[in-house]
Amino acid sequence: LLSIFLAAVIALGLDPVVGALVKRGWKRGRAALVVFASMFVAVFLLVLVTAGPLWDEIKEFIRSLPAFWEDLKSNDAFQDIVNTAGVDDKVRDALKELAAGLPEAASTLLGIAGGVFGSVLSLVTLTFLALFLLMERPAITSWLFGFAPPETERRWGPVVEDSITAVSQSLLGNIAISI
3 LLSIFLAAVI ALGLDPVVGA LVKRGWKRGR AALVVFASMF VAVFLLVLVT AGPLWDEIKE
63 FIRSLPAFWE DLKSNDAFQD IVNTAGVDDK VRDALKELAA GLPEAASTLL GIAGGVFGSV
123 LSLVTLTFLA LFLLMERPAI TSWLFGFAPP ETERRWGPVV EDSITAVSQS LLGNIAISI
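Okay, so the sequence shown: first residue is 3 according to our numbering, each after it adds one.
Set out below in structure tokens:
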């Protein structure tokens, strides 16, 4: 149910963009595919641009931990605490082991990547569900209104369209703010 709800929000959020392309003469399926492809390219580029520098910063931080410890140890108030219990050698060794264990951490991250792969498969399912809802939104809406009397459709049809526009503007606004 959660996947269906999320797919519906995504489909309703992108519906006005697809509708604008349909008004320009595009077929709805082609317009939906282009909008989804553009969205995936943007997300892929965002991940590609941020993942490498983020990993480099993590490695640099771990490598600089011994230097941070030396700076902290040189503080007079902290020096009395460190020298009394032999903590200095223990912490220095632990930080060096942490820096040396970075390749092991990479293999752990590969294990986590397996879990992420499962999540990606769920995301693919969600994506296709949203894509199909987006492509068939007008047919689904008219099918649902087919169960109601015609006066109900005339009264509630504009409300549904205004709601779709409101959801879309909210979603696109949040994306613009995030960027």
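Where a beta carbon is used, it is the ideal one built from N, C-alpha and C, also for glycine. Note that this is a predicted model, so its numbers are computed, not measured.
Buried versus exposed call for residue i [16 or more other C-beta atoms within 10 Å across all chains shown]
i: ASN40; result: Residue identity check: residue 40 is Ser in the sequence provided, not Asn. With fewer than 16 Cβ atoms within 10 Å of its Cβ, SER40 is classed as exposed.
i: SER165; result: exposed
i: ASP1; result: Missing from the structure shown is residue 1; the chain here goes from 3 to 181 and no further.
i: ASP58; result: exposed
i: GLY116; result: exposed
i: VAL49; result: exposed
i: ALA22; result: exposed
i: LEU133; result: buried
Separation of residue j from residue i, as counted between CA atoms
i: PHE38; j: LEU136; result: 10 Å
i: ILE179; j: ILE64; result: 32 Å
i: SER144; j: LYS61; result: 55 Å
i: ALA53; j: PHE119; result: 16 Å
i: LEU8; j: ALA34; result: 17 Å
i: VAL24; j: PRO18; result: 9 Å
i: PHE42; j: LEU123; result: 14 Å
i: PHE147; j: PRO160; result: 12 Å
i: PHE70; j: VAL51; result: 28 Å
i: GLU163; j: LEU111; result: 45 Å
i: ALA44; j: ILE181; result: 11 Å
i: VAL36; j: VAL11; result: 18 Å
i: THR175; j: THR167; result: Note that residue 175 is Gly in the sequence shown, not Thr. The straight-line gap from Cα to Cα measures roughly 12 Å.
i: LEU56; j: PHE46; result: 15 Å
Minimum C-alpha distance to residue i - residue among the options
i: LEU3; options: ARG157, LEU173 and LEU131; result: LEU131
i: ARG30; options: SER170, ARG139, TRP71 and TRP158; result: ARG139
i: LEU182; options: VAL162, ARG94 and VAL49; result: Because residue 182 is not part of the residues shown, which for the chain are 3 to 181, the question remains open.
i: VAL169; options: LEU16, ILE6 and TRP28; result: LEU16
i: ILE6; options: THR127, LEU111, VAL20 and LYS75; result: THR127
i: LEU14; options: ALA96, ILE142, ILE114 and SER76; result: ILE142
Task: In chain order, each alpha helix (DSSP H) run of at least 4 residues that lies wholly inside the region 14-80 - done: With a minimum length of 4 residues, the continuous alpha helix (DSSP H) runs that stay inside the region 14-80 are 30-65 and 67-75.
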